[in-house]
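To start, the structure under review is shown below, and the notes come after it.
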Amino acid sequence: MRIGLVGKPNVGKSTTFSAMTETPVDIANYPFTTIEPNVGVAWLPLLSPCACSELRRRKETAGRLEPTSDDDPRKGSICTPNSGSCKAYRRLVPVTLVDVAGLVPGAHEGKGRGNQFLSDLARCDALIQVVDVSGSTDIEGNPVGSGGSDPIEEHRFLIEEMEAWIVGILSTGWKRGARKVQSEGDRALMEYVVDQLTGIGATEQHVSAGFNAVRSKHPDAGVPWSWGDSELTAMASAIRAELFPISIAANKADRAHSGSWTPLSELISREGGILLPTSAEAELALSRASQAGLIEHSPGGSTFEITPEGEGKLSQAQRKALSSIAESLDSWEGGGLFGLLSQVVFGTLNRRVAYPVQDETHWVDGEGNMLPDALLVPEGTTAKGLAYAVHTDLGDGFIRAVDARSSRVIGAEHEIQNGDVISIYAKT
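Just so we're aligned, residue 273 is where the sequence shown starts under this note's numbering, counting upward by one.
Written out as structure tokens, the structure reads:
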């Protein structure tokens with residue numbers, strides 16, 4: 273799964289990326305600091321406690337494990353993650369973030385990074401647009417101090433550029449493709465458009481939504497080969513909404529006037545999206561202090577504890593600054609950047625977590641590691657689909673699966689539920 277960070281230049285995308293991935297990148301107060309996309313991993317906390325909490329209860333009840341002690345560094349967690357970590361049953365799982373170069377008006381015509389920017393988005397499952405709600409930059413990302421671009425203007429130009437990009441792809445050879453209907457039927461046009469848009473990840477479902485939008489908005493559109501810009505724009509708009517759902521990080525909220533993002537929030541809500549106020553600089557400060565061992569801070573949290581090392585190194589001014597940052601983050605609902613990412617992954621994209629294991633009795637893999645993997649899979653994923661998510665060979669050789677909680681055998685088409693612990697049997 274890949275989430276793209278997008279927006280105009282100089283709104284804090286690279287700061288957001290660095291705060292969420294703990295990856296150092298160039299951060300500067302001028303447009304196009306990012307040229308090539310940065311790719312990193314954000315460690316996202318699961319919404320529910322790790323399944324190892326239940327495994328511990330089972331072991332303690334059976335007398336096979338002593339209760340956790342106050343000095344346990346993992347605060348009860350007993351899983352052995354192959355990636356991420358788990359402490360106090362708070363499991364962190366990887367989500368790939370892509371920080372794309374800033375987009376300026378006219379990108380679909382080649383301005384700024386032009387179509388390269390748009391092509392960088394093609395493999396993303398959803399987008400988070402970082403918007404400067406403080407008004408400190410103009411629409412092209414140039415610092416202006418105050419009175420810069422309106423947040424709604426920033427959002428709309430992104431939508432317009434993306435849709436113009438898709439229209440450009442559709443327009444190439446449209447009449448030739450549309451005339452396939454005359455000789456080969458409606459199905460031929462569907463296949464033609466899907467083929468045209470395969471490069472940006474479109475499927476038949478996305479294209480079907482596009483055709484439905486044209487029928488709804490332009491009932492008198494006539495035959496496809498007579499369609500013009502208005503019909504193709506309607507199609508592109510529907511395809512964009514399905515293919516690239518957009519949520520908003522209302523960045524620099526700590527420097528914005530109260531309510532400056534409210535109109536955009538209302539607009540995004542009507543469109544079915546999510547907006548949360550954020551301060552990438554504030555979250556980056558907490559992240560760096562945590563990396564330096566000065567504080568204990570969990571991704572997405574607004575609170576922290578000063579470590580013994582921090583007690584010796586942090587000045588009173590630094591402690592006051594960190595506390596002020598935490599208070600600002602705590603004053604906003606939603607959990608900041610990680611809260612937004614969580615809503616995108618588990619809400620917009622409807623991801624569920626599944627724990628594949630080899631031994632359904634002890635919930636371990638072949639090497640005895642407890643609950644080594646916590647995989648994020650789309651809603652509707654089947655047991656066989658989970659097998660493919662683990663490894664292609666496991667999917668190809670799928671025989672059956674077992675629900676480790678109930679020890680019940682389940683078939684290939686069984687739909688995975690959130691938090692399932694599944695043992696998969698396959699031909700070797």
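We put the beta carbon where it would ideally sit given N, CA and C, even for glycine.
Thinking just about the alpha-carbon of each residue, which of the options is nearest to the one in residue i?
i    : options                : result
E435 : G356, N484, L504, I411 : L504
A323 : N641, H663, Y627, R672 : Y627
S603 : A554, E577, L643, E583 : A554
V649 : N641, L643, L658       : L658
E426 : I520, G445, S570       : I520
G473 : D397, A646, A291       : D397
A646 : T550, P321, I431       : P321
Q630 : L393, V674, E432       : V674
P517 : T295, A528, Q615, S600 : Q615
G691 : R623, T664, G356       : R623
S678 : E326, L601, E583       : E326
E687 : E651, S695, Y660, A676 : E651
P366 : S349, L316, T475       : L316
G573 : S587, L556, V486, A564 : L556
L430 : L393, S532, S559       : L393
A655 : M273, V479, V625       : V625
V416 : I424, D422, P423, G407 : G407
S355 : D668, T700, M642       : M642
L612 : A561, T333, L548       : L548
V465 : T333, S341, V479, E456 : V479
In this structure, does DSSP put residue i in helix, strand or coil?
i    : result
K699 : coil
V466 : helix
E605 : coil
R395 : coil
T295 : coil
N310 : strand
S480 : helix
C324 : helix
Based on the DSSP secondary-structure assignment, which residues constitute the bridge partners of residue i?
i    : result
L648 : V625
L316 : V365
D404 : N523
V693 : Y627
R346 : R346 is not bridged to any residue.
G276 : V370, L399
V244 : Nothing can be reported for residue 244, as the shown portion of the chain is limited to 273 through 700.
R680 : D675
T654 : E687
Rounded to a whole number of angstroms, what is the C-alpha to C-alpha distance between residue i and residue j?
i    : j    : result
A513 : A593 : 40 Å
G482 : L515 : 11 Å
L254 : G419 : Outside the shown range of the chain, which is 273 to 700, sits residue 254, and nothing can be said about it.
R346 : T352 : 11 Å
L277 : M292 : 11 Å
H634 : N282 : 51 Å
C358 : A525 : 31 Å
K585 : L566 : 8 Å
L314 : G638 : Note on residue identity: the sequence assigns Ala, not Leu, to residue 314. Whole-angstrom Cα-Cα distance: 28 Å.
A684 : L337 : 34 Å
A373 : T664 : 34 Å
V715 : I400 : The question about residue 715 has no answer, for the chain in this structure spans 273 to 700.
G607 : A506 : 35 Å
D404 : G640 : 49 Å
S290 : S570 : 15 Å
R672 : A485 : 41 Å
Report yes or no: is there a C-beta of chain D within less than 8 Å of the C-beta of residue i?
i    : result
A626 : Absent here is chain D; the protein component of the structure consists of one chain.
*Taking the runs of the beta strand (DSSP E) that are 3 residues or longer, which of them lie wholly in the segment 515-591?*
Counting only runs of 3+ residues, the beta strand (DSSP E) found wholly inside the segment 515-591 occupies 518-523, 547-549, in chain order.
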